[in-house]
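Residue 23 is where the sequence shown starts when you use the working numbering, and the numbers rise one by one after that. No residue lacks a Cβ here, since even glycine has one placed at the ideal position from N, Cα and C. To start, the structure under review is shown below, and the notes come after it.
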Amino acid sequence: MVSLLDRLGHSRVLARLATRASTPASSPASSPGFVVERSEWSLRPSAISSRGFGDPTSDRPRMLGGALDRLILPDSSHLARSLAVLGVSKGDRPIFLDGETTGLADSLPFVLGFAHASPSCLTVEQWTLERLSGEAAMLAHALARLAELAPAPLVSFNGSSFDVPLLRRRAERHGLATEGLAGEHLDLLHGARRIWSDRAQDCRLGTLEREQLGVVRRHDLASHEIPGVFAAWLAEPGDPIAIQRLRAVVLHNQADLVTLPALLVRLAERVEAPSDLAMAVNAASLLIKHGRVDRGRAMLERWVGGPVRDGVAVRDGVAWREAVICLAQLERRAGQHERAAECWRRLVELDPGDPEACEALAKHHEHRASGLGEALVIARQSRTPDPLRIARLERKLAGRPTRAVAVASDPVPPRAQPEAGLAPAWQTSVALRFAPWRRGGAQRTPADRPVEREDPSTSDPKPIYRLFVR
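Here you go:
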C-alpha cells in the first residue's frame, strides 16, 4: 500500500526532474528525433529526514520510491581496483552501458544510457528516441559520445550477448562507425553466475540488487512490459498514460546504470575475499577464466591448506574435494608435479578408494617418481581399478617388456613362428592373393621373344606385387 507521503515525494521529484532534465550533451536541435538527458549522482547519499524525504538541494534524484537513496556509489579509484581484480587489462575508467529495446530479435533500441564515474559523482547520460526516423541520428550521437569517453572498458549486465551486438547491427545498418564498441568488455552477468548462482534465487539484476546491495525498487516498470511501451507511445504520443510509462522506462534504465558500479565493486570484493570454500572455488574459476591463473592458484592453496590445521572434519565435503582437484590440475599445468601429487595424496588420505585421485597418483609414481611398487599398490586400491594399468605395472616389476593386451587377466600367448618350408603369411594371405594389383605367376618378358610359361608343379611361382597409386 503506497502512502500519501510517498506519492507526494515522488511527484516532487518528478517536478524537479522536469525542470532540470533534458540537459543537452551537445546540440539536440541539430539531431532531431531524440532527446538527450544528463544527470549527476553524488557518491554518498544525503541526509534522510524523519519524514523520509531526501535533501531537495542534493544532486541525487529520488526515484522508484527512494530505492536508491541510501546506495553508496564507488569513486573512480575503487572502480579501477575492482577492474584489476576481475582481470580487465586495459583502461581504468569504465563506461557502464545499458539499453531498452522493443524486443529480443532484431529489435529497436529506443532508450540508451551511459554512465561514467568521476572523483566526485556519477554522470548518467541517456538518449530517448521520439520517432522511428531518428534512430540513425540517435545512434550517431551516442556512438560519438562513446568515442569521446574512450579508451575505457565497457561494463554491462548481459551486454556481451544482447546490447552490444544489437547496437553494432543497428549501427552497421545505418552505415555508422562502431569503434567505441570494439574495446574490452566486462559482462557482470557471467561473473555473477559463477559467484552467486549456487546461493541466489536467480541471477537477474533486480535479484542481485536486492540480495547484494539492499536495493528494493518500488513503482518500477516490469521488464517484460518494456518492449510494448514504445509502440503504445508511438500510437498515441499525447496520451498521458503512454507518456508516463515511457518516462518509467527512462527511470528504469537510469536505475540500472546507477546500480551497475556498486554491483561491480561488490563482485570484485567477493572474488578477492570469498566468504567460504565454495565461493573460493567459484572465484578461482572466474580468475582462471580471465587469465589470472596465479591468483586463482594462490587462492585455492590458501583455502585448501587452511582447513587442515583446524581439523579433519572441515576437509570433508564436495567443495573441498573440488578445490583440491582444481588445485592439482593447475599445479600440473604449471609444471609443479610434486605439488600436484601432494594434492592427490590429500584426497587419497581422506578417501583411499577415490578413483580419480588413485589414477592420477599412480600415473605420477609410474612415470615421474619411478615408484612402480607404490603405483601398483595405489592402482589396486582404487574402487574402479584399471586392469590394463595393473597388468603393465606387474610386467614392469617382473622385468618383462610391456606389450598391449586385450584383457590383463588372460595369459599372453607366445608369438607363432612359421614352420620350415612354408611361405610367410604375407605371401600366402587370401587378401594378397586376390589383390587387384597382383599379377599372375608369370614374369613379364620382352615382346621380341615368346613367353615361356613354367610348370607350376615343378617351379616355385614368384608373384610380383606393384604399388597401387591413384
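Start and end residues, alpha helix (DSSP H) containing residue i
| i | result |
| --- | --- |
| Leu165 | 157 to 171 |
| Phe252 | 249 to 257 |
| Leu398 | 394 to 402 |
| Glu294 | 262 to 294 |
| Glu416 | 409 to 420 |
| Val340 | 340 to 355 |
| Ser142 | Run containing Ser142: none; DSSP gives neither H nor E here. |
| Ala302 | 299 to 311 |
| Thr229 | 227 to 230 |
| Leu243 | From DSSP, Leu243 is part of no alpha helix (DSSP H); its letter is neither H nor E. |
| His87 | What sits at residue 87 in the sequence shown is Gly, not His. That residue, Gly87, is in no alpha helix (DSSP H); it is neither H nor E in DSSP. |
| Leu154 | Premise fails: Leu154 is in no alpha helix (DSSP H) and is neither H nor E. |
| Leu210 | 210 to 218 |
Per-residue burial, residue i [other beta carbons within 10 Å of its own, 16 or more giving buried]
| i | result |
| --- | --- |
| Pro374 | exposed |
| Glu360 | exposed |
| Ile248 | buried |
| Glu371 | exposed |
| Ile400 | buried |
| Asp316 | exposed |
| Arg437 | Any reading at Arg437 must be qualified, since the residue scores a pLDDT of 47, below 50, and its modelled position is unreliable; the value itself is stated next. So Arg437 counts as exposed. |
| Pro96 | buried |
| Val340 | exposed |
| Gly181 | buried |
| Ala350 | buried |
| Ala356 | exposed |
| Gly260 | exposed |
| Val330 | Reliability of the predicted coordinates at Val330 is poor, the pLDDT of 42 falling under 50, and no value is obtained from them. |
| Glu194 | exposed |
| Gly197 | exposed |
| Pro440 | In this prediction, Pro440 has a pLDDT of 47, which is less than 50 and means its spatial position is unreliable; what the coordinates show is noted afterwards. With fewer than 16 Cβ atoms within 10 Å of its Cβ, Pro440 is classed as exposed. |
| His387 | buried |
| Asp432 | Confidence is the limiting factor: at Asp432 the pLDDT is only 45, short of 50, which leaves the residue's position unreliable and the question unanswerable from this model. |
| His163 | buried |
| Gly318 | buried |
| Pro296 | buried |
| Ala253 | exposed |
| Glu157 | buried |
| Ala426 | Because Ala426 carries a pLDDT of 44, less than 50, the predicted location of this residue cannot be relied on, and the following value inherits that uncertainty. Flag for Ala426 reads exposed. |
| Leu126 | exposed |
| Arg314 | buried |
| Asp91 | buried |
Beta-carbon gap between residue i and residue j smaller than 8 Å
| i | j | result |
| --- | --- | --- |
| Ile117 | His138 | yes |
| Val280 | Leu144 | yes |
| Ala172 | Gly135 | no |
| Cys348 | Leu369 | no |
| His269 | Ala89 | Here residue 269 is Arg; the residue named in the question, His, does not match the sequence. Contact flag unset, no. |
| Leu394 | Leu419 | yes |
| Asp278 | Leu227 | yes |
| Gly55 | Leu151 | yes |
| Arg232 | Cys225 | no |
| Asn275 | Ile217 | no |
| Ala362 | Arg354 | yes |
| Leu130 | Leu210 | no |
| Leu415 | Ala391 | no |
| Ser64 | Pro83 | no |
| Ser98 | Ser140 | yes |
| Val58 | Glu147 | yes |
| Leu168 | Thr123 | no |
| Ser104 | Ala264 | no |
| Ser111 | Glu206 | yes |
N- and C-terminal bounds of the beta strand (DSSP E) containing residue i
| i | result |
| --- | --- |
| Ser104 | No beta strand (DSSP E) holds Ser104; the alpha helix (DSSP H) holding it covers 98 to 107. |
| Asp91 | No beta strand (DSSP E) contains Asp91, which DSSP labels as neither H nor E. |
| Ile117 | 117 to 123 |
| Pro131 | 131 to 139 |
| Glu59 | 56 to 64 |
| Ser178 | 176 to 178 |
Within-8 Å CB hit, residue i to chain D
| i | result |
| --- | --- |
| Glu231 | This model lacks chain D altogether, as it is built from one protein chain only. |
Rounded distance between the beta-carbons of residue j and residue i, thought under 8 Å
| i | j | result |
| --- | --- | --- |
| Leu208 | Pro175 | 6 Å |
| Leu352 | Arg288 | With a Cβ gap of about 26 Å, Leu352 and Arg288 do not count as contacting. |
| Arg66 | Ile94 | 6 Å |
| Val272 | Val251 | About 10 Å; that fails the 8 Å criterion. |
| Val177 | Leu286 | 6 Å |
| Asp185 | Gly121 | 5 Å |
| Asp220 | Leu86 | About 29 Å separates the two Cβ atoms, so there is no contact after all. |
| His312 | Gly109 | 3 Å |
| Arg405 | Pro377 | 6 Å |
Closer than 7 Å: residue i CB and nearest the ligand PLP heavy atom
| i | result |
| --- | --- |
| Leu119 | For the ligand PLP, the structure offers nothing, since it holds no ligand at all. |
- Message: I'd like the ranges of any alpha helix (DSSP H) spanning at least 4 consecutive residues and lying wholly in the stretch 357 to 385.
- Response: 359 to 372
Worksheet entry | Inside the stretch 182 to 207 only - alpha helix (DSSP H) runs reaching at least 4 residues | Fully enclosed alpha helix (DSSP H) runs of 4 or longer: 186 to 195.
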